[in-house]
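Written below as C-alpha cells is the structure these notes are about.
Pasting the structure below:
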C-alpha cells in the first residue's frame, strides 16, 4: 500500500533566522523574503525530511497551539505547498535517507 | 587580469567609510572632476589599500536604458551597466573600470565595490539618510518618497548630516558605525565625512502625526533587507547580506517612525 504521508525538508538554497517567535527566510536564488509566524516556525524547524508532516503537526503544532488536528493538518498542507512553490521547502512522499536528512 | 600597480598618472584617493580607494587615471581632466565631485572624501597622505584603474572610453559606449548587472566569475566581480564596464578582484583589492569621463559611472562603481567589500564583514550600504547628534548616529531608512531627505532637511542645528540618500554601515570591533558618504540625493550635497556609533535605525513612514514604535525583530530584518543596496545576487553574497541584516537588528534598536514633516519629529529622536 502506498504511503500517503508527506515529508518536508528545508531547501539548501535559503538563508534563515528565527528572531523571537518568528522566522525570516530569504531565497538565495531570487532574494525573495518570507516571514513565518510562530506556527509556521514550528513546522519549519521540524522540516528535517524524515518526519512525516502529520507527526510534525501533532507534536509541534497541536501540542503547542490550541488548534484541532484536522484543521491544523489542512492549514499545514496549504502552508507547505506555498513554501514549496517558492523553493523554500522540498516535499516528498518518501522520507529522506539518513544521509540526506542530515 | 593584471590589475596591480599604478598608472603613474593623475591618481585620486577617495576614502569612504574609512576604506581608501585610489582611483587611477591618466587624464588630468578626470582627476579634476574627481577632486571636485568627492571634495572632503579625497584623502591625502593615506596609503591606499585598494585601487581602481579607470580607462576612459569614447561616448559611443553608452546605453542609458541598461540596468547594472553584477556577477562573480573566476574570483572576480564583473559589473556592467549601460555607461560602464568594470571588474573587481577582492583578493588583489584591485579593479578596472571602462567608462566615459563623467562622475556618475565612477560613483556607481564605487557604490557597488563598497557593497562587495562590506558584505563579508557584516557591513552594508542602505537607502537611508543619517545624522550624528550628541555623538550618536541615527539612520532614517525607507523607500523612495518615504521621507529620507525630508527628515534630513528638518534636522536641528546640532545634528550633522552624514547623507540624505545612502548610508554607510560598518561593523567595527562588534559595534556598528555610520559613516558620512558623498552619495547625495535630492539634497544635492555630500554628507560630512565623519563617523559615529549607531544608536538607532528608524524606518520611515509619512503620517498626520508623529508616532514611534519598536519593531519585532523579524519584521525589522524584513524591512531593512528591502532597503539594503544589493547588486550581486550570488548565493554566498545573499547569505552574507541576510546575516548582516539579522546581526544588525540584534545589536541596534529599530523603530517604525511615522512622522508629520515638521521639526517636532526630532523631539522623538535621540
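Residue numbers (this note's numbering), protein chains in the order written: chain A, 623 to 724; chain B, 215 to 484.
Don't be surprised by glycine CBs; every beta carbon is placed ideally from N, CA and C.
**Local conformation of residue 263 of chain B per DSSP, three classes** = Here residue 263 of chain B is taken as the residue at index 49 of the second chain, counted from 1. Three-state DSSP puts residue 263 of chain B in coil, outside helix and strand.
**Prompt:** Just how far apart, CA to CA, sit residue 454 of chain B and residue 333 of chain B?
**Reply:** Translated into the one-based positions of the second chain, residue 454 of chain B becomes position 240. Translated into the one-based positions of the second chain, residue 333 of chain B becomes position 119. The alpha-carbon of residue 454 of chain B is positioned some 6 Å away from that of residue 333 of chain B.
**Prompt:** Are any of the Cβ atoms in chain A nearer than 7 Å to that of residue 456 of chain B?
**Reply:** The sequence position of residue 456 of chain B within the second chain is 242, counting from 1. Answer yes: the Cβ-Cβ gap between residue 456 of chain B and chain A drops below 7 Å somewhere.
**Request:** Could you please tell me which residues of the stretch 658 to 673 of chain A, in chain order, have their CB closer than 7 Å to any CB of chain B?
**Result:** Residues of the stretch 658 to 673 of chain A whose Cβ lies closer than 7 Å to any Cβ of chain B: none.
**Asked** Do you know how far the Cα of residue 224 of chain B is from the Cα of residue 359 of chain B?
**Response** In the second chain, residue 359 of chain B corresponds to position 145, counting from 1. In the second chain, residue 224 of chain B corresponds to position 10, counting from 1. Distance between residue 359 of chain B and residue 224 of chain B, taken at the CA atoms: about 39 Å.
**Message:** Counting only beta-carbon separations shorter than 7 Å, does residue 447 of chain B have a partner in chain A?
**Reply:** Along the second chain, one-based indexing puts residue 447 of chain B at 233. Yes, residue 447 of chain B counts as interfacial toward chain A.
**Item:** Cβ-heavy atom distance, residue 311 of chain B to the ligand MN, below 6 Å
**Value:** With respect to the ligand MN, the structure shown offers nothing to examine, as it has no ligands at all.
**Message:** Just to confirm the assignment, what range does the alpha helix (DSSP H) spanning residue 670 of chain A have?
**Reply:** Counting from one through the first chain, the residue named residue 670 of chain A turns up at place 48. Segment 670 to 674 is the beta strand (DSSP E) holding residue 670 of chain A; no alpha helix (DSSP H) there.
**Closest by C-alpha distance to residue 392 of chain B, when choosing among B/375, B/439 and B/422** = Indexing the second chain from 1 puts residue 392 of chain B at position 178. When each option's Cα is compared against that of residue 392 of chain B, the closest is B/375.
**Asked** When you compare only the Cα positions, how much space is there between residue 313 of chain B and residue 327 of chain B?
**Response** For the purposes of this step, residue 313 of chain B is taken as residue 99 along the second chain, with counting starting at 1. For the purposes of this step, residue 327 of chain B is taken as residue 113 along the second chain, with counting starting at 1. A direct Cα-Cα distance of roughly 15 Å separates residue 313 of chain B from residue 327 of chain B.
**Prompt:** How far does the beta strand (DSSP E) with residue 411 of chain B in it reach, from first residue to last?
**Reply:** The sequence position of residue 411 of chain B within the second chain is 197, counting from 1. Element bounds for residue 411 of chain B: 409 to 420.
**Item:** In chain order, each alpha helix (DSSP H) run of at least 4 residues that lies wholly inside the stretch 335 to 384 of chain B
**Value:** Runs found: 362 to 367.
**Asked** Can you name the start and end residues of the alpha helix (DSSP H) that residue 326 of chain B belongs to?
**Response** Position 112 of the second chain, counting from 1, holds the residue named residue 326 of chain B. Per DSSP, the continuous alpha helix (DSSP H) segment holding residue 326 of chain B begins and ends at 317 to 332.
**Asked** Closest Cβ-Cβ distance between residue 431 of chain B and chain A: below 7 Å?
**Response** The residue you call residue 431 of chain B lines up with position 217 of the second chain. Yes, because at least one Cβ of chain A sits closer than 7 Å to the Cβ of residue 431 of chain B.
**Prompt:** With distances taken from CA atoms, which of B/479, B/407 and B/442 is nearest residue 424 of chain B?
**Reply:** The sequence position of residue 424 of chain B within the second chain is 210, counting from 1. Per the Cα distances, B/479.
**Request:** Give the DSSP bridge partners of residue 657 of chain A, in chain order.
**Result:** Looking up residue 657 of chain A in the first chain gives position 35. Beta-bridge partners assigned by DSSP to residue 657 of chain A: A/646.
**Message:** By the DSSP assignment, the beta strand (DSSP E) with residue 717 of chain A in it spans what residues?
**Reply:** Sequence index remark: in the first chain, residue 717 of chain A carries index 95 (1-based). Counting along the chain, residue 717 of chain A falls outside any beta strand (DSSP E), and DSSP gives it neither H nor E.
**Message:** For a cutoff of 7 Å on Cβ pairs, would you count residue 650 of chain A as touching chain D?
**Reply:** In the structure shown, chain D cannot be found, because the protein chains are A and B.
**Request:** Return the residue from the list B/389, B/364 and B/459 that minimises the CA-CA distance to residue 402 of chain B.
**Result:** In the second chain, the residue the question calls residue 402 of chain B occupies position 188. It is B/364 whose Cα lies nearest to the Cα of residue 402 of chain B.
**Residue span of the alpha helix (DSSP H) that contains residue 234 of chain B, given as start and end** = Along the second chain, one-based indexing puts residue 234 of chain B at 20. Premise fails: residue 234 of chain B lies in the beta strand (DSSP E), 233 to 238, not in any alpha helix (DSSP H).
**Message:** The alpha helix (DSSP H) that contains residue 255 of chain B, what's its start and end?
**Reply:** Start at 1 with the first residue of the second chain, and residue 255 of chain B comes out as number 41. Per DSSP, residue 255 of chain B lies in no alpha helix (DSSP H) and is assigned neither H nor E.
**Item:** Neighbouring residues, chain A, relative to residue 439 of chain B (Cβ below 9 Å)
**Value:** Taking the first residue of the second chain as position 1, residue 439 of chain B is located at position 225. Ordered by position in chain A, the residues that pass the 9 Å Cβ test against residue 439 of chain B are 646, 648, 653 and 655.
**Message:** I want to see whether chain A comes within less than 7 Å of residue 470 of chain B, judged by CB atoms only; does it?
**Reply:** Residue mapping note: residue 470 of chain B aligns to position 256 of the second chain, counting from 1. At a cut-off of 7 Å between beta carbons, residue 470 of chain B makes no contact with chain A.
**Item:** Same chain only: Cβ atoms within 7 Å of residue 407 of chain B, ignoring 5 sequence neighbours per side
**Value:** Along the second chain, read from residue 1 onward, the residue named residue 407 of chain B stands at position 193. Exclusion of the five residues before and after residue 407 of chain B leaves 254, 255 and 394 as the residues of its chain whose Cβ lies within less than 7 Å of its Cβ.
**Asked** Residues of chain A with a CB under 7 Å from the CB of residue 453 of chain B: which are they?
**Response** The sequence position of residue 453 of chain B within the second chain is 239, counting from 1. Ordered by position in chain A, the residues that pass the 7 Å Cβ test against residue 453 of chain B are 637 and 650.
**Asked** Identify the residues that DSSP records as bridge partners of residue 678 of chain A: which are they?
**Response** Numbered from 1 along the first chain, position 56 holds the residue referred to as residue 678 of chain A. In DSSP, residue 678 of chain A forms no bridge with anything.
**Message:** From the DSSP secondary-structure annotation, give me the bridge partner or partners of residue 312 of chain B.
**Reply:** Residue mapping note: residue 312 of chain B aligns to position 98 of the second chain, counting from 1. Paired residues: B/269 and B/299.
**Prompt:** So does the stretch 407 to 419 of chain B actually touch the stretch 466 to 477 of chain B, counting three or more Cβ pairs closer than 8 Å?
**Reply:** Touching, per the Cβ criterion.
**Minimum C-alpha distance to residue 229 of chain B - residue among B/462, B/473, B/449 and B/397** = As a first step, residue 229 of chain B is located in the second chain; it is residue number 15 there, counting from the start. Out of B/462, B/473, B/449 and B/397, the CA that lies nearest to the CA of residue 229 of chain B is found in B/397.
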